[in-house]
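Visitor:
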Amino acid sequence: MPSSTRRSSRNGRPRRPSEEGNSGARRAHWASVRTAVRGTDQASRTPLRLSGRHALAATLTPAHTPTRTPATSTDHSTQHDTGTGTGTGTEATAPPDREPERDDPHTPLYLSVLGPVELTYRPPDATQASSGRQTGPLVISRIPRLARELLACLAAHPKGATRDYLVATLCPDSQSLTPETTLHSALSRLRKTLIDTTGDERTAEIIGTGDRWTLDPSTVTADLWALQATADPCTDHAPERRRIQLRKVVGSYRDLYAADLPGLWAHSLRETTRRKFLEIINELVALDVERGDDRAAVQLLDRARTMEPRNEAIARTLITLHLRAGHLDHAEAVYDLLRVELEAIDAEPDPRTRELLTAALQP
Numbered sequence: 223m224p225s226s227t228r229r230s231s232r233n234g235r236p237r238r239p240s241e242e243g244n245s246g247a248r249r250a251h252w253a254s255v256r257t258a259v260r261g262t263d264q265a266s267r268t269p270l271r272l273s274g275r276h277a278l279a280a281t282l283t284p285a286h287t288p289t290r291t292p293a294t295s296t297d298h299s300t301q302h303d304t305g306t307g308t309g310t311g312t313e314a315t316a317p318p319d320r321e322p323e324r325d326d327p328h329t330p331l332y333l334s335v336l337g338p339v340e341l342t343y344r345p346p347d348a349t350q351a352s353s354g355r356q357t358g359p360l361v362i363s364r365i366p367r368l369a370r371e372l373l374a375c376l377a378a379h380p381k382g383a384t385r386d387y388l389v390a391t392l393c394p395d396s397q398s399l400t401p402e403t404t405l406h407s408a409l410s411r412l413r414k415t416l417i418d419t420t421g422d423e424r425t426a427e428i429i430g431t432g433d434r435w436t437l438d439p440s441t442v443t444a445d446l447w448a449l450q451a452t453a454d455p456c457t458d459h460a461p462e463r464r465r466i467q468l469r470k471v472v473g474s475y476r477d478l479y480a481a482d483l484p485g486l487w488a489h490s491l492r493e494t495t496r497r498k499f500l501e502i503i504n505e506l507v508a509l510d511v512e513r514g515d516d517r518a519a520v521q522l523l524d525r526a527r528t529m530e531p532r533n534e535a536i537a538r539t540l541i542t543l544h545l546r547a548g549h550l551d552h553a554e555a556v557y558d559l560l561r562v563e564l565e566a567i568d569a570e571p572d573p574r575t576r577e578l579l580t581a582a583l584q585p
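The structure is reproduced here in structure tokens:
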């Protein structure tokens, strides 16, 4: 191999002979790369857990020598939607009788907290035609902030939480001599909003109050419950069932947990949920690769990379899959984007990441 092909460029990627002296084109290239990553979410650099069956980058090898492909982009998911999934001390699993789903028709209300908090009403088929209201799913708007915080907090605790815990968590700065009154007022306004908007008295039962406040699982389903229900590891005799379960969670994930709520109480839950979602992506990639569906694995990794642009484990696995498919241009683009992201925090890619491209260029 000629020495010129072994010489590294300033970013650490192996330089091709055709790139020698082409400084103007290189400057234009880096300008376009920086434009592409401008505005990207500034997620942490926490790597995926790539050990055992998930050690994809270490075990995958290119099927043939990569060649340049036309400059077309890989399929990318448009949704935003990661690590170890350790929960909070009070985290609980979903109700065991039935796995909650986004399209679950059994409850009149559906609560989305994987992203901005959103409550959707789904009228029963029998009343859709006779009702003068909008038919089909209806997003409940104008829910006060404290009521949205209450919904999101209870979604994270399916087994419920005491009133004292909720007051201390959601109303820490309350100037009232009886801050629990503030919480009860928020619940009353929520119930009134639901009845006025839907005309369905059942929606008033969304939250049960007693020794522990809980979301009523016969009235509302939360997307977070499905994510929590994935805690059990995949069994070897049912990988396809597991894959379907995880795909449903990925489909409902819109953004960070309660992304529109500024309260400090949500920060640890937000991080736990983010890492759990990345763990789901990681497991799905392994399942897709095992069944020979590298294209689906690439799409998942592209989505994860949107969330974690500085996560080098994600980039390495994505580069490896592109090289195995013979898409050297795509692999280089992933490396370039990673390099720019790390440069912003005065870091650089690990030598192992550069070596993937170096090895691909060797005859």
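Positions in the sequence shown are counted from 1; adding 222 to them yields the working numbering. Yeah, the Cβ is synthetic: ideal placement off N, Cα and C, and Gly gets one too.
Helix or strand or just coil, what does DSSP make of residue 334?
Guide: strand
Visitor: With DSSP as the reference, please indicate the residues paired to residue 362 in a beta bridge.
Guide: 341
Visitor: Of the choices 479, 512 and 341, whose alpha-carbon is the least far from that of residue 415?
Guide: If you compare the alpha carbons of 479, 512 and 341 with that of residue 415, the shortest gap goes to 341.
Visitor: Contact criterion: CB-CB distance below 9 Å. Does residue 432 meet it with respect to chain C?
Guide: Absent from the structure: chain C. Only one protein chain is present.
Visitor: How long is the line joining the alpha carbons of residue 270 and residue 500, rounded to whole angstroms?
Guide: Low confidence applies here, because residue 270 scores a pLDDT of 43, under 50, leaving its location unreliable; read the following figure in that light. One C-alpha to the other measures close to 7 Å.
Visitor: Are residue 338 and residue 433 touching if we call contact CB-CB under 9 Å?
Guide: In terms of Cβ geometry, residue 338 and residue 433 do not form a close pair [threshold 9 Å].
Visitor: If you draw a straight line from the alpha carbon of residue 582 to that of residue 545, how long is it in whole angstroms?
Guide: C-alpha separation (whole angstroms): 7 Å.
Visitor: Specify, as a first and last residue, the run of the alpha helix (DSSP H) that residue 488 falls within.
Guide: 488-512
Visitor: May I ask you to report which of helix, strand or coil DSSP gives residue 588?
Guide: Because the chain is modelled from 223 through 585, residue 588 falls outside the range shown and cannot be assessed.
Visitor: Let's see if you can read the secondary structure: which residues bound the alpha helix (DSSP H) around residue 391?
Guide: 385-392
Visitor: Count the other CB atoms, across all protein chains shown, that sit within 10 Å of the CB of residue 514; report buried if there are 16 or more and exposed otherwise.
Guide: exposed
Visitor: Beta-carbon within less than 6 Å of residue 480's beta-carbon, same chain only, minus the 5 sequence neighbours each way: which residues are those?
Guide: 335, 339, 374 and 488
Visitor: My understanding is that residue 329 touches residue 441, with C-beta atoms under 8 Å, so please give their C-beta distance in whole angstroms.
Guide: 6 Å
Visitor: Could you work out which residue in 552, 508 and 537 is closest to residue 206 when comparing CA atoms only?
Guide: Here the chain covers residues 223 to 585 and nothing more, so residue 206 does not appear.
Visitor: Report the CB separation of residue 498 from residue 449 in whole angstroms; it is logged as a contact under 8 Å.
Guide: 6 Å
Visitor: Identify which residue in 461, 580 and 368 has its Cα closest to the Cα of residue 388.
Guide: 368
Visitor: Suppose the cutoff is 7 Å on Cβ atoms and the five residues either side in sequence are ignored; what does the same chain contact list for residue 417 look like?
Guide: 423, 425 and 426
Visitor: Starting from residue 539 and walking both ways along the alpha helix (DSSP H), at which residues does that stretch end?
Guide: 534-546
Visitor: Taking the alpha-carbon positions, what's the residue 344 to residue 360 distance?
Guide: 7 Å
Visitor: Residues in the same chain with beta-carbon distance under 7 Å from residue 482, minus the five sequence neighbours each way, listed in chain order, please.
Guide: 338 and 339
Visitor: Report all residues from its chain with a CB closer than 8 Å to the CB of residue 556; omit the five preceding and five following residues, and keep chain order.
Guide: Contacts found: 527, 537, 540, 541 and 544.
Visitor: Along the chain, where does the alpha helix (DSSP H) that runs through residue 419 open and close?
Guide: Start and end: 401-420.
Visitor: Mapping the DSSP letters down to three states, classify residue 443 as helix, strand or coil.
Guide: strand
Visitor: Should residue 384 be labelled buried (16 or more other beta-carbon atoms within 10 Å of its own) or exposed?
Guide: exposed
Visitor: Tell whether a beta-carbon distance below 9 Å holds between residue 580 and residue 534.
Guide: No. Outside cutoff.
Visitor: Roughly how many angstroms lie between the CA atoms of residue 408 and residue 370, to the nearest whole one?
Guide: 9 Å
Visitor: Quick one, which of 567, 561, 566 and 584 has its alpha-carbon nearest residue 573's?
Guide: 561
Visitor: Which same chain residues end up closer than 7 Å to residue 366 when comparing Cβ atoms and leaving out the 5 residues on each side of it in sequence?
Guide: 408 and 411
Visitor: State the Cα-Cα distance for the pair residue 428 and residue 446, rounded to the nearest angstrom.
Guide: 16 Å
Visitor: Less than 9 Å between the beta carbons of residue 547 and residue 516, yes or no?
Guide: yes
Visitor: Let me make sure I understand the geometry here. Which of 549, 495 and 493 has the alpha-carbon closest to that of residue 520?
Guide: 549
Visitor: Quick one: what's got a C-beta closer than 6 Å to residue 495's C-beta in the same chain, skipping five residues either side?
Guide: 479
Visitor: For residue 505, does the count of other Cβ atoms within 10 angstroms reach 16, so buried, or fall short, so exposed?
Guide: Buried, since its Cβ has 16 or more Cβ neighbours within 10 Å.
Visitor: Helix, strand or coil, according to DSSP, for residue 430 in the structure here?
Guide: Secondary structure at residue 430: strand, using DSSP grouped into helix, strand and coil.
Visitor: Measuring only the C-alpha atoms, how far is residue 403 from residue 436?
Guide: Cα-Cα distance, rounded: 18 Å.
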